[in-house]
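J.: Numbered according to the working numbering, the sequence shown spans residues -4 to 413. Even glycine gets a Cβ: it sits at the ideal position worked out from N, Cα and C.
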Amino acid sequence: MFRPLEVFVGLRYTRAKRRNHFISFISLVSILGIAVGVTALITVISVMNGFDRELKQRILGMVSHATIEGVDETVRDWPEAVKLAYANSHVQGAAPYVERQAMLQGVRVSGAIVRGVMPDLEPKVSDIDRRMVQGKLADLVAGQFGIVLGKELAMTLGVGVGDKVTVFAPEFSATPIGAIPRTKRFTVVGVFEAGMQEYDSGLAVMQMQDAETLYRLDGPTGIRIKLDDMFRAFAVGRELAQDLADRLGAGYYRVTDWMQGHSNFFKAVAMEKKVMFLILSLIVAVAAFNLVSTLVMLVQDKQADIAILRTLGQSPASVMGTFMVQGVLVGSLGIALGLLFGVLLASNLPAIIRWIEQTFHVAFLSPDVYYISELPSELHWDDVIWIAVTAFVFCTLATLYPARRAAKTEPAAALRYE
């Protein structure tokens, strides 16, 4: 599109000292506007990537990539089921579990999800052992009826480590005075903090055999697995469910993955990222279209030069290319500055925010209010490329009208008053 002549003349106009300094000022404003828009876009998208990463880590720290549950029955011969899961090359961890609802009573009463786990196997599929703020997951010993509570759940119940909690299971026993729910006294042996309201206020963990005793089960309700690629969770889970049904006898198994339980949440985050990209792209577009006024004034200022070039044989398309070179150069300079500052800011944003908080004694994300108390940032180079391409397209489109106007200049009319 751009031949050596157009590039040479366009660069010459860029380097030449203009008589109208206002044009130079508008060009500078255009460059800075594009740079600020690209910087803001890269930074905001990186922050949203950081929040997305933090939320996934916190959620996946408490749930497995995929879950295989028995339908109306427990998983038969769970050691063999775990062994079968590990036979799949994508499986990095597998552990049995029991999960039921219950009512817990301490000083106060609250409902919760009770999850029975094997303390030695659970770290292979979740991070709950690393989320412990009091006690250890290994303190859950079969037959001792210990329980680990989420931090907010413990506060709601008004209990701490060493206190007793009564668990009311939705399993009824017939007595002379009627049906009553099964109850069992547990000792709080630990408290965890996942950083997610759903788990901190609504999850209690106990040893799997104690959960089987409480709920009168003859085995775990399912197998939880961790994979090398979490986006293959449903496909691998379905394959394992079929293997379990074939090798462990007749039975039906339901497969759920991490996306199914939180699909609306992650879809909302993805939609917010797209909307923010669109909104901030408009900032880049506004800055890019400042090039229109810059080039229109430049074309007006260079009427005589254009006429002379036309009389020397330069075609209208070549004149158009000349001014497009200058517009693209100004836009590219703004994009380059925006990419530089955006990448630097996005890469160092957490450290910058910490410095501001320590220096001025302010808290942008108070830990008393927000579960994520530090501003995360994760730079994705594919996002940077998309932003650069989008900004370049805007800048290129902004040069079309002024360049076409320059190409339509009539030499005789332009030189009439020279």
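Using only the alpha-carbon positions, how far apart do Lys146 and Val70 sit?
T.: Translated into positions along the sequence shown, residue 146 becomes position 151. Translated into positions along the sequence shown, residue 70 becomes position 75. Answer to the nearest angstrom: the Cα atoms are 31 Å apart.
J.: Less than 9 Å between the C-beta atoms of Ala422 and Gly32, yes or no?
T.: The chain is shown from -4 up to 413; residue 422 falls before or after that span and cannot be answered.
J.: Would you decide whether Ser276 is buried or exposed? Buried here means 16 or more other CB atoms lie within 10 Å of its CB.
T.: What you label residue 276 is simply residue 281 of the sequence shown in a count that begins at 1. Flag for Ser276 reads buried.
J.: Quick one: using the 10 Å Cβ neighbour count with 16 as the cut-off for buried, is Asn259 buried or exposed?
T.: Start at 1 with the first residue of the sequence shown, and residue 259 comes out as number 264. Per the 10 Å Cβ criterion, exposed.
J.: By the three-class DSSP mapping on this structure, what secondary structure does Arg177 have?
T.: On the sequence shown, position 182 is the one that residue 177 refers to. Three-state result, Arg177: strand.
J.: Would you call Ser105 buried or exposed, if buried means 16 or more other Cβ atoms sit within 10 Å of its Cβ?
T.: For the purposes of this step, residue 105 is identified with residue 110 of the sequence shown, where counting begins at 1. When all chains shown are included, Ser105 counts as buried.
J.: What residue range is occupied by the uninterrupted alpha helix (DSSP H) comprising Leu198?
T.: Within the sequence shown, residue 198 is the residue found at index 203, counting from 1. Leu198 -> not in any alpha helix (DSSP H); beta strand (DSSP E) instead, spanning Leu198 to Gln202.
J.: Since Gly28 contacts Lys221 with CB under 8 Å, what's their CB separation in whole angstroms?
T.: One-based indexing of the sequence shown puts residue 28 at position 33. One-based indexing of the sequence shown puts residue 221 at position 226. Actually they do not touch by this definition, with Cβ atoms about 47 Å apart.
J.: Would Trp376 pass as a contact of His60 if the rule is Cβ separation under 9 Å?
T.: To locate residue 376, count along the sequence shown from 1; it is residue 381. To locate residue 60, count along the sequence shown from 1; it is residue 65. No. Outside cutoff.
J.: If you compare alpha carbons, which of Gln192, Pro91, Met57 and Thr317 is closest to Ala401?
T.: Here residue 401 corresponds to residue number 406 of the sequence shown, with the count starting at 1. Per the Cα distances, Thr317.
J.: Once you ignore the five residues that flank Val325 on each side, which residues in its own chain have a CB closer than 8 Å to its CB?
T.: Counted from its first residue, the sequence shown places residue 325 at position 330. Cβ neighbours of Val325 beyond the five flanking positions: Thr9, Ser22, Ser25, Ile26, Leu286, Thr289 and Cys390.
J.: With distances taken from CA atoms, which of Ala393, Met271, Ser313 and Val183 is nearest Ser327?
T.: By 1-based counting over the sequence shown, the position of residue 327 is 332. The residue with the shortest Cα to Cα distance from Ser327 is Ala393.
J.: Can you look up Pro91 in the DSSP assignment and give me helix, strand or coil?
T.: In the sequence shown, residue 91 corresponds to position 96, counting from 1. Pro91 falls in the strand class under three-state DSSP.
J.: Would the region 197 to 205 and the region 32 to 42 be scored as touching if the rule is three or more Cβ pairs under 8 Å?
T.: No, they do not touch.
J.: Under the DSSP definition of a beta bridge, which residues are partnered with Arg219?
T.: Walking along the sequence shown from the start, residue 219 turns up at place 224. According to DSSP, which records beta bridges pairwise, Arg219 is partnered with Thr62 and Ala90.
J.: When you compare the region 144 to 161 with the region 214 to 231, are there three or more beta-carbon pairs, one atom per stretch, that lie closer than 8 Å?
T.: Taking 8 Å as the limit for Cβ pairs, the verdict is that the region 214 to 231 does not touch the region 144 to 161.
J.: Just grab the DSSP bridge partners of Lys159 for me.
T.: Taking the sequence shown and counting its residues from 1, one reaches residue 159 at position 164. Partner(s): Thr182.
J.: Three-state secondary structure (DSSP) at Thr404?
T.: Position 409 of the sequence shown holds residue 404. Three-state result, Thr404: coil.
J.: Give, in chain order, every unbroken run of the alpha helix (DSSP H) that is at least 4 residues long and sits entirely within the region 285 to 357.
T.: Counting whole runs of 4 or more residues, the region 285 to 357 contains the alpha helix (DSSP H) stretches 285 to 296, 298 to 306 and 311 to 355.
J.: Per DSSP, Phe187 is paired with what?
T.: If you number the sequence shown from 1, residue 187 lands on position 192. In the DSSP output, where bridge partners are listed per residue, Phe187 has Met127 and Gly145.
J.: Identify whether Ala107 lies in helix, strand or coil by the three-state DSSP scheme.
T.: Working through the sequence shown from its first residue, we reach residue 107 at position 112. Ala107 falls in the strand class under three-state DSSP.
J.: Once DSSP output is grouped into helix, strand and coil, what is the label at Arg435?
T.: An answer regarding residue 435 cannot be provided, because it is not within the stretch -4 to 413 covered by the chain.
J.: By Cβ distance, which residues of its chain are closer than 6 Å to Pro261, with the 5 residues on each side in sequence left out?
T.: Sequence index remark: in the sequence shown, residue 261 carries index 266 (1-based). Rather than Pro, the amino acid found at residue 261 in this sequence is Phe. Cβ neighbours of Phe261 beyond the five flanking positions: none.
J.: Among Met319, Tyr92 and Ile175, whose alpha-carbon lies nearest the alpha-carbon of Glu207?
T.: Within the sequence shown, the letter at position 212 stands for residue 207. If we check each option's Cα against that of Glu207, Tyr92 comes out closest.
J.: Grouping DSSP H, G and I as helix and E and B as strand, with all else coil, what is Val102?
T.: Taking the sequence shown and counting its residues from 1, the one referred to as residue 102 is at position 107. Coil.
J.: Pick helix, strand or coil for Arg48, following the three-state DSSP scheme.
T.: The residue you call residue 48 lines up with position 53 of the sequence shown. Helix at Arg48.
J.: Is Val281 helix, strand or coil by DSSP?
T.: One-based indexing of the sequence shown puts residue 281 at position 286. Val281 falls in the helix class under three-state DSSP.
J.: Could you tell me which residues DSSP pairs with Gln139 in its beta bridges?
T.: Taking the sequence shown and counting its residues from 1, one reaches residue 139 at position 144. Paired residues: none, contrary to the question.
J.: Between the region 175 to 182 and the region 122 to 129, are three or more C-beta pairs nearer than 8 Å?
T.: Too few Cβ pairs lie closer than 8 Å, so no.
J.: Over what stretch of residues does the beta strand (DSSP E) that includes Val250 continue unbroken?
T.: Residue mapping note: residue 250 aligns to position 255 of the sequence shown, counting from 1. Taken as a continuous stretch (DSSP letters only), the beta strand (DSSP E) holding Val250 covers Tyr248 to Asp252.
J.: Run through the DSSP bridge pairs and tell me what Ala164 is partnered with.
T.: Against the sequence shown, residue 164 aligns to sequence position 169. Answer is Arg177, bridged to Ala164.
J.: Taking a contact to mean a Cβ-Cβ separation below 9 Å, would you say Gly308 touches Ala386 in this structure?
T.: Here the question's residue 308 lines up with position 313 in the sequence shown. Here the question's residue 386 lines up with position 391 in the sequence shown. No, Cβ-Cβ distance for Gly308 and Ala386 is not below 9 Å.
J.: Who are the near neighbours of Arg349 in its chain, counting only those whose CB is closer than 6 Å to its CB and skipping five residues on each side?
T.: Position 354 of the sequence shown, counted from the first residue, corresponds to residue 349. Once the five neighbours on either side are set aside, Arg349 has no close Cβ partner at all.
J.: So, for Ala137: in the same chain, excluding its five sequence neighbours on each side, which residues have a beta-carbon less than 7 Å away from its beta-carbon?
T.: Against the sequence shown, residue 137 aligns to sequence position 142. Excluding sequence neighbours, Ala137 sits near Gln202, Gln204 and Asp205.
J.: Helix, strand or coil, according to DSSP, for Ala97 in the structure here?
T.: Here residue 97 is taken as the residue at index 102 of the sequence shown, counted from 1. Strand, per DSSP.
J.: Do the CB positions of Pro397 and Gly322 come within less than 9 Å of each other?
T.: Working through the sequence shown from its first residue, we reach residue 397 at position 402. Working through the sequence shown from its first residue, we reach residue 322 at position 327. In this structure, Gly322 lies closer than 9 Å to Pro397 by Cβ.
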